[in-house]
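Visitor:
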Amino acid sequence: MKRLKDKVAVVTGGSRGIGRSICELFADEGAHVIALYKTNFNYEKANVEGYKADVCSDSDIERLKEFILNKYGKIDILVNNAGITRDALIEKMTDDMWEEVINVNLRSVFRITKALYSFMKEAEYASIINISSIVGEYGNIGQSNYAASKAGIIGLTKTWAKEFSRKGENIRVNAIAPGFINTDMMATVPENVINSITEKTMLKRLGEPAEIANAALFLASTESSYITGHVLSVNGGLRL
Numbered sequence: 000m001k002r003l004k005d006k007v008a009v010v011t012g013g014s015r016g017i018g019r020s021i022c023e024l025f026a027d028e029g030a031h032v033i034a035l036y037k038t039n040f041n042y043e044k045a046n047v048e049g050y051k052a053d054v055c056s057d058s059d060i061e062r063l064k065e066f067i068l069n070k071y072g073k074i075d076i077l078v079n080n081a082g083i084t085r086d087a088l089i090e091k092m093t094d095d096m097w098e099e100v101i102n103v104n105l106r107s108v109f110r111i112t113k114a115l116y117s118f119m120k121e122a123e124y125a126s127i128i129n130i131s132s133i134v135g136e137y138g139n140i141g142q143s144n145y146a147a148s149k150a151g152i153i154g155l156t157k158t159w160a161k162e163f164s165r166k167g168e169n170i171r172v173n174a175i176a177p178g179f180i181n182t183d184m185m186a187t188v189p190e191n192v193i194n195s196i197t198e199k200t201m202l203k204r205l206g207e208p209a210e211i212a213n214a215a216l217f218l219a220s221t222e223s224s225y226i227t228g229h230v231l232s233v234n235g236g237l238r239l
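Mind the numbering: the sequence shown is residues 0 to 239 in numbering that gives the first Met the number 0, read in order.
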């Protein structure tokens, strides 16, 4: 039996990389997937529906609420995945670089979850999955903005796990902290840096988007029904 049969899932940053893999796997497992995207959308799966929205736009988020209310009336699964990097050492990082990353990676998680929370209360069994990062757990040189945003996601995850269980609501909230994954974000990383990362990783390679999608499926399904407030590190043993 398909693990997400007839569930309604919203995935931000759903057009590429980790987000795309999550959308495809959720669809294969029977979910109706709303994939948020900003520029390009190209799916062949009938049960993946693209929704063009800027996760930093309050008006776009309000439109999304109306769309979901009119078409589905509920959300079972929310995956906050949208994220960007604007790397620089602290002395070269501009305020604009800081604000852009915080707005996309952290503020959008707060705004979208706040907006869609009421729909999730109506679901029989709901799961929120926030995509953090190993950088949010341990920091990384040249990524003050990214590290702060991803660490903030961990704080939100643990806080919401407590808040959303106060009144007996069946909403679980967890995070995934990927290690270094073979996506577009890694395309500009110098080969010597990638070699250094993989050498320090117990499994001696980068992760694949599908491996993060598998973790998300576990947290979205009833297989993780007694897990909330947890940060699932999927990093190939990089920090051992």
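Even glycine gets a Cβ: it sits at the ideal position worked out from N, Cα and C.
Are the Cβ atoms of V108 and T84 separated by less than 8 angstroms?
Guide: no
Visitor: If you measure between the beta carbons of V9 and I21, is that distance less than 8 angstroms?
Guide: no
Visitor: Can you tell me which of M119, S143, F179, R165 puts its alpha carbon nearest to the alpha carbon of G72?
Guide: M119
Visitor: Select from A219, I89, L202, A114 the residue whose C-alpha is nearest the C-alpha of D59.
Guide: A114
Visitor: Select from K1, S220, G178 the residue whose C-alpha is nearest the C-alpha of N139.
Guide: G178
Visitor: Exposed or buried, A212, counting other C-beta atoms within 10 Å across all chains shown (16 or more means buried)?
Guide: buried
Visitor: Rounded to whole angstroms, what is the Cα-Cα separation between E90 and E98?
Guide: 15 angstroms
Visitor: Kindly indicate which residue of E43, G18, T156, D95 has the alpha-carbon position closest to the one of I180.
Guide: G18
Visitor: Measure the alpha-carbon distance for G13 versus H31 and round it to whole angstroms.
Guide: 13 angstroms
Visitor: What residue does the alpha helix (DSSP H) around R2 start on, and which one ends it?
Guide: Counting along the chain, R2 falls outside any alpha helix (DSSP H), and DSSP gives it neither H nor E.
Visitor: Could you spell out the range, first to last residue, of the alpha helix (DSSP H) harbouring G135?
Guide: 133 to 137
Visitor: Determine the burial state of D95: buried for a count of at least 16 other Cβ atoms within 10 Å of its Cβ, exposed for fewer.
Guide: exposed
Visitor: Return yes when the Cβ of E23 is within less than 8 angstroms of the Cβ of R2, no when it is not.
Guide: no
Visitor: Measuring CA to CA, which of V7, N104, V188, A160 is closest to G135?
Guide: Distances from the alpha-carbon of G135 to those of V7, N104, V188, A160 put N104 closest.
Visitor: Quick check: the Cα distance between A209 and N80, rounded to an integer number of angstroms?
Guide: For A209 and N80, the gap between their C-alpha atoms comes out near 14 angstroms.
Visitor: Excluding sequence positions up to five away, which residues of its chain have a Cβ less than 8 angstroms from the Cβ of D57?
Guide: R110
Visitor: For A125, which three-state DSSP category applies?
Guide: strand
Visitor: Please give me, in chain order, every unbroken run of the beta strand (DSSP E) with length at least 3 that falls completely inside the region 175 to 238.
Guide: 230 to 233
Visitor: May I have the straight-line CA-CA distance separating D86 from N144, to the nearest angstrom?
Guide: 8 angstroms
Visitor: Three or more C-beta pairs under 8 angstroms: does that hold for the region 162 to 171 against the region 123 to 132?
Guide: yes
Visitor: With respect to the beta strand (DSSP E) encompassing A241, which residues constitute its N-terminal and C-terminal limits?
Guide: Nothing can be reported for residue 241: it is not among the residues displayed for the chain, which extend from 0 to 239.
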